[in-house]
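*Asks:* For reference, the structure I am asking about is given below.
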Amino acid sequence: MFALIFSNSFLFADNFWGVIPSPERSDVRVIGVDSNDNVYACIWGGGVQKSTDFGNSWGDITNNLGNLNITTIEFAPNGNIFVGTLGGGVYRSINGGTDWVEVNTGLHNRYVKAMTITSDGKIFVGTRGGGVFRSLDNGTSWTQHVDGMYYRDITALIYADDTTIIAGTSGKGIYRSIKSGQEWSQSGLAGKYITSFFKNHIGEIMCGTWGSGAYLSVNKGTSWNDFLLTKMPKNITACVMPPAADPVVGTSEFGIMRWDDVYDEWKRVASPLTDGGIYDLAITKNGTLFTSMAIEGVFKSTNFGRNWALVGFNVNIDMNFGLINVTAYKNGVVLASRNTGGIYISYDNGYTWNYRNIGSVIYTFAFDSSGNIYAGGSGIYRSTDGGSSWEAWGLANQPVISIACKSNGYIFAGVIPNVQPGNPPQPVAAVYRTNNGAWEVVANSINRILYIGINKNGDIYAPIDGVNRSTNNGDSWTQVLKDKVTRSIAFTKNGTIFLGTSDSLYSSSNNGATWQKDNLNQQYPYAIKVVVSNQDNLFVLGNQYNWILMKAYGSNKWDTVNTGFYQQALQSMTASFDGFVYIATTAIYRYAEPLNLGVPNLVLPPYDSGNQPLKPAFDWDEASRAEMYQFQISELLDFSSTIEDVTLDSTNWQMVRELNYNQQYLWRVRSKVNNSLGEWSRMFVFYTKLDAPILKLPKNNKGNISDSVDLVWRKVAGAVSYHLQVSLDPNFNSIFYENLLITDTTTRITGLQIDTRYYWKVKAKNTKSQSDWSEIWSFSTKLKAPKLRLPPNGAYGLPTSVTMEWDTANNATGYVIQISRSSDFSDFSKMIFNGATQTNRTHQITILEKFTTYYWRIMATNEDGNSEWSETWHYTTIMNAPVLIQPVKGALDVKLKTVFQWQKFQPATSYHLQISKSPTLANPFYDDSLLTVDSIEISTFDDYSTYYWRVQIKVNDWLSPWSEVWHFKTGLAKPILDRPLDKSINIPVSAYLFWKEVRGATSYQLQVATDPDFKTIFKDESNITALQAPVNAMQFLTTHYWRVKAFYNDGESEFSDIWSFVTADSITSVLDDHYASDIKAFPNPFENLLNISYYLDKDCSVRIILTDAIGKTNIIILDEIQSQGFHSFSWKESGISQGVYFLRLYMGHSLYSKEVHFIK
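Start counting the sequence shown at -3; every next residue gets the next number (my numbering).
Shown next, in the form of structure tokens:
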């Protein structure tokens, strides 16, 4: 903390006098202590001195510091040093002050008056009229932050924490920001001139003011309380609160004061800090205090301010210089001299200076009517080029202490007397005169000729034995006041003479005939110097330390005008024709006469202009000599109350508060320099725009409007007409209707299109202004009937749950649907649904009946009404699928000739029957869509096969869903007999009967009878698993009938066709019908292979079977049709048992048998 939280800008409160840039090194006006307890002394006009040993020695650190008029010094957490200057902005050093660099990017106001740096490195500077600027990048760039700050002349800054910043102003109290400067609000001490802040180690903040003493805040500047009031000095210029010690303050006239807890009052400290102006105070970490006092220098205290010791920079002792004279002329020309010789000249009212060394100390200056400048020192010097060059111009080596120039060309000079021995002393002082460069004495005096005055009539006054006047260019003199030692003279424009003496002020309004004495309301009425300003205001410089008085023109009252000036030796006072008054000490202070400040020329808004926004921007021209401006806006001619009252440095202002509609406002601006306020500008009047009309009818977004509508809005105060636009689009690119001159607040619009949205707006007008457009409202014409989409009109086959869809209608918020079995919706008993839809696009109904026609329609609705009904569409629900009857689902052993039957549907015009072996009914072998009956017999099935079937109903063009797909499986095919062939003869009485295999059969039944009706059954054998069976002991020469039936798990087949054969008449009978010969089977017995050969007499079927003696083994060796000729082949046994077998050969109608033996 300590120096880092100490802030002091007391020089620049809103005071009568303002210090200007110094032409010469002056006092130490700013002191700072960094975190390492290095002490910095900033000399006004002389840069920075640094001490690393608590003030015992000092070193200059002014390298590259471009502006030496330093107003504040602060130290960043990173060790960088920052100084603020008057007119030069901010400089930064990153090496302890060895070098400096200007850092002013974005800082458009370079008149820096205060600075503070937070612990996290945010830098804030306060400026003259520019408010507060902030840097977040170590000073590289700056941003102005003045939101909420109406008075922008900042004199002091301090941070309460890293986001809470407190700013003091020159007359408007304190602003506070809790958002790192981004927003400001007033925070107490309104009307006070804030000079300084100090924050102690517990966060309490002390505030010094000019004229109101000190205040303390314990809540980060939120509120302020009087602080230790007893005998408190009013003009506090600096303050510190050492830890565990009493507060110490600096004052403008009583030096250092400290709070005495014993006496419970403020007390002055010991000399030399008892009287005089204190510029600054600083404190080190160990509590060592440093202060700077006008002229006296820098002092140090190691006991919390009780005692002080000089550590340097006394103007008279250590610095051996000071300004002794200042004279102002006009057009910005100001001259100053110093006690070590030379001349300073300024051409801009003291902002910048140029030095001219003419080899002499200069005591006085004068200007003739041609603008030539005369300087009195060791002789007279003259410049004919505005002070750029000088020449000796007589009275060489004589101490010239006064010069006066008369308009007729005469120049008068007063020479300091050298008192000679004698009693009484001999007069050796003289008044010299010349009009051609040759000087002559025109009067002698034993007193110093401190002044020579010439009034408007050309009369010359000089302090010769009192005061003498010459009306003839010095040829003769008349005493007008005797026995008085006068110090200065001044004349008003009306000729009144004022004389300053050591006991009072004298004045004469009759060229010295009579005089009036004025004690100036002072106990010791010294009048060292008297000056009449350009505005005839009278200024009196009292004794060298105490006061400056002013009596305004036309007033009988004297005012003390010390504010801004710190008590010290005053060397001179002068007034310029430009309206400034200057006083010279170790520096130069300046007062700006209000009436000589330029009057701003107002620009925008123009006079008597209308149609201005509610937050207008104001502009005015820059005024001469103005440093700041005061802007006011009011509704009242006398500005007795204002809407905004702003003090700022720029020539423009953007309103913050919003004005009222259709209101006359007045605004004005005046120039400001310190507390001098120029004349108000011409008062401009302007009128804000009219309030935008408020639309009434139809309501915004109103729908269901017919083809005409009345548009209605509220009357606007001050409006004489209205401008109406109706558009087809919200951007008003497609204007449907426009009327620029409507005097009523209602207009009828016709010809509106159905189902169209219109947008409309209105503005009000009068001769001065017009409003903004009203809000844009819209309305839509009657809703368009919805367009139905799904299901398509006339659709058939819909399920009993149907979702109806339609296109939404513009501006509709809901829909009503009607669903009926009646096409005209008139029969309530047939109404299925009548009400709001489920959504704005669909409605689902789930209670429909099969094969029923329904009618439906939609109406769009919103809060304004309904559309017409849509078209009426209809749809028909699907028929029930047919119900199948037979063959039943999953039936087995279905006959190959079977009847298909389904449930009859009375409205049916036909049926469609499909039968297929595929579950998907692909490639149906039966497909008939024109059946008109509900049953049909079909006999084209394959045996032992699965079939699928379904039926569909057709009513005219409408189809039902397909029925459920049923399936069934056909039974076994009836066996096909093989041999002996039908009607065979000569069959052995013991023979085998053969038949073809039946697919799916697991066994067979063989019946042999002797009659075709099988009433006399010879053999009936079941569970035969082979494809043949033996029949033995048949009768010879008898006709036998035989048939076979197949069996499987699910049933049995039909009997095969009945075949017959006739047995042989004897066992040796040979049929006439002979088929084979030369039949051989070898080897016999055989082991693995049996060779068989034979000769066929004709083509025939050949079947060869190997069977055992009991018929259990039946192996078909060959079964095929063979051609006539010789045949042979080998048969390889496969797993038969050893034993006797019979080889039976069926060839054509003949049967042959051979016995063979198999051995292993």
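C-beta atoms are modelled at their ideal positions from N, C-alpha and C, and glycine is treated no differently.
All figures in this text were calculated on a predicted structure; none of them were measured in a lab.
Since residue 570 and residue 526 are thought to touch, with beta carbons under 8 Å apart, how far apart are those beta carbons, to the nearest angstrom?
*Replies:* The pair is not a contact, with the Cβ atoms about 11 Å apart (cut-off 8 Å).
*Asks:* So, residue 262 versus residue 230, is the Cβ gap smaller than 7 Å?
*Replies:* Not closer than 7 Å, so no.
*Asks:* Could you spell out where the beta strand (DSSP E) holding residue 1026 opens and where it closes?
*Replies:* Note, residue 1026: beta strand (DSSP E), 1024 to 1027.
*Asks:* If we ignore side chains and look at the alpha-carbon of each, how far apart do residue 698 and residue 604 end up?
*Replies:* C-alpha separation (whole angstroms): 42 Å.
*Asks:* Quick one: Cα of residue 797 to Cα of residue 843, how far?
*Replies:* Rounded to the nearest angstrom, the two C-alpha atoms are 7 Å apart.
*Asks:* Any idea what DSSP makes of residue 698, helix, strand or coil?
*Replies:* Of the three classes helix, strand and coil, the one that applies to residue 698 here is strand, per DSSP.
*Asks:* Taking 7 Å as the cut-off, decide whether the C-beta atoms of residue 121 and residue 108 are in contact.
*Replies:* Cβ distance < 7 Å, so residue 121 and residue 108 count as in contact.
*Asks:* Run through DSSP, which three-state label would residue 238 get?
*Replies:* Three-state result, residue 238: coil.
*Asks:* Following the continuous beta strand (DSSP E) through residue 979, name the residue where it begins and the one where it ends.
*Replies:* Per DSSP, residue 979 belongs to no beta strand (DSSP E) and is neither H nor E.
*Asks:* For residue 664, count neighbouring Cβ atoms within 10 angstroms of its own Cβ and tell me buried if that reaches 16, exposed if not.
*Replies:* Flag for residue 664 reads buried.
*Asks:* Any idea what DSSP makes of residue -1, helix, strand or coil?
*Replies:* Any reading at residue -1 is ruled out, since the residue's pLDDT is 29, under 50, leaving its predicted position unreliable.
*Asks:* Return the CA-CA distance between residue 8 and residue 560, expressed in angstroms with no decimal places.
*Replies:* Reliability fails at residue 8, whose pLDDT of 36 lies under 50, so the model's placement of it is uncertain and no value is given.
*Asks:* Go ahead and label residue 258 buried or exposed: buried means 16 or more other beta carbons lie within 10 angstroms of its beta carbon, across all protein chains shown.
*Replies:* With fewer than 16 Cβ atoms within 10 Å of its Cβ, residue 258 is classed as exposed.
*Asks:* In three-state DSSP terms, what is residue 1064?
*Replies:* Residue placement at residue 1064 is flagged as unreliable, the pLDDT there being 43, under the threshold of 50; the coordinate-derived value follows with that caveat. DSSP places residue 1064 in coil when its eight states are reduced to three.
*Asks:* Where DSSP assigns a beta bridge to residue 429, which residues make up the other side?
*Replies:* Answer by DSSP bridge pairing, in chain order: 408, 436.
*Asks:* Roughly how many whole angstroms lie between the Cα atoms of residue 1080 and residue 944?
*Replies:* Their Cα atoms are separated by approximately 57 Å.
*Asks:* Which parts of the segment 142 to 217 are runs of the beta strand (DSSP E), unbroken and 3 residues or longer, counting only runs that do not cross its ends?
*Replies:* Complete beta strand (DSSP E) runs here, min 3: 150 to 155, 161 to 165, 170 to 173, 189 to 195, 201 to 206, 210 to 213.
*Asks:* Taking buried to mean at least 16 other C-beta atoms within 10 Å of its own C-beta, is residue 1163 buried or exposed?
*Replies:* In the structure displayed, the chain extends from -3 to 1156; residue 1163 sits before or after that span and is not available.
*Asks:* Skipping 5 residues on each side, what residues in its chain have a beta carbon closer than 6 Å to that of residue 573?
*Replies:* Same-chain partners within the cutoff: 326, 530.
*Asks:* Go ahead and pull the three-state DSSP assignment for residue 487.
*Replies:* It is a strand residue.
*Asks:* With distances taken Cα to Cα, identify the nearest neighbour of residue 1160 among 1155, 324, 124, 141.
*Replies:* Because the chain is modelled from -3 through 1156, residue 1160 falls outside the range shown and cannot be assessed.
*Asks:* For residue 633, count neighbouring C-beta atoms within 10 Å of its own C-beta (all shown protein chains included) and say buried if the count is 16 or more, exposed if not.
*Replies:* Under this definition residue 633 is an exposed residue.
*Asks:* Alpha carbon to alpha carbon, how far is residue 1140 from residue 1127?
*Replies:* Taking the straight line from one Cα to the other gives about 14 Å.
*Asks:* Do you know whose CA, among 964, 863, 956, lies nearest residue 882's CA?
*Replies:* That would be 964, whose Cα lies nearest to the Cα of residue 882.
*Asks:* For residue 1033, does the three-state DSSP call read helix, strand or coil?
*Replies:* Correct three-state label for residue 1033: coil.
*Asks:* By Cβ distance below 7 Å, which residues in the same chain neighbour residue 95 in space, the five residues on each side in sequence not counted?
*Replies:* Correct list, in chain order: 59, 60, 89.
*Asks:* Check whether the Cβ atoms of residue 516 and residue 554 lie closer than 7 Å to each other.
*Replies:* Contact: yes.
*Asks:* Please name the residue in 1022, 1031, 1024 whose C-alpha comes closest to that of residue 1014.
*Replies:* The candidate whose alpha carbon is nearest that of residue 1014 is 1031.
*Asks:* Does residue 1125 pass the burial test, meaning 16 or more other C-beta atoms within 10 Å, or should it be called exposed?
*Replies:* With fewer than 16 Cβ atoms within 10 Å of its Cβ, residue 1125 is classed as exposed.
*Asks:* Around the Cβ of residue 839, are there at least 16 other Cβ atoms within 10 angstroms (buried) or fewer (exposed)?
*Replies:* Under this definition residue 839 is a buried residue.
*Asks:* Let me check understanding here. Comparing Cα to Cα, which of 622, 626, 662, 625 lies closest to residue 608?
*Replies:* The candidate whose alpha carbon is nearest that of residue 608 is 662.
*Asks:* Helix, strand or coil for residue 7 per DSSP?
*Replies:* Bear in mind that the predicted position of residue 7 carries a pLDDT of just 37, short of 50, making it unreliable; the figure below should be weighed with that in mind. Helix at residue 7.
*Asks:* Going along the chain, which unbroken runs of the beta strand (DSSP E) with 3 or more residues stay wholly within the segment 827 to 873?
*Replies:* List check, beta strand (DSSP E) in window: 827 to 832, 838 to 841, 849 to 858, 869 to 873.
*Asks:* Considering only the alpha carbon of each residue, which of 829, 884, 814, 850 lies closest to residue 864?
*Replies:* Answer by Cα proximity: 814.
*Asks:* Do you know whose CA, among 1098, 97, 1123, lies nearest residue 1158's CA?
*Replies:* The chain is shown from -3 up to 1156; residue 1158 falls before or after that span and cannot be answered.
*Asks:* Got a sec, what are the start and stop residues for the beta strand (DSSP E) residue 1051 sits in?
*Replies:* That residue, residue 1051, is in no beta strand (DSSP E); it is neither H nor E in DSSP.
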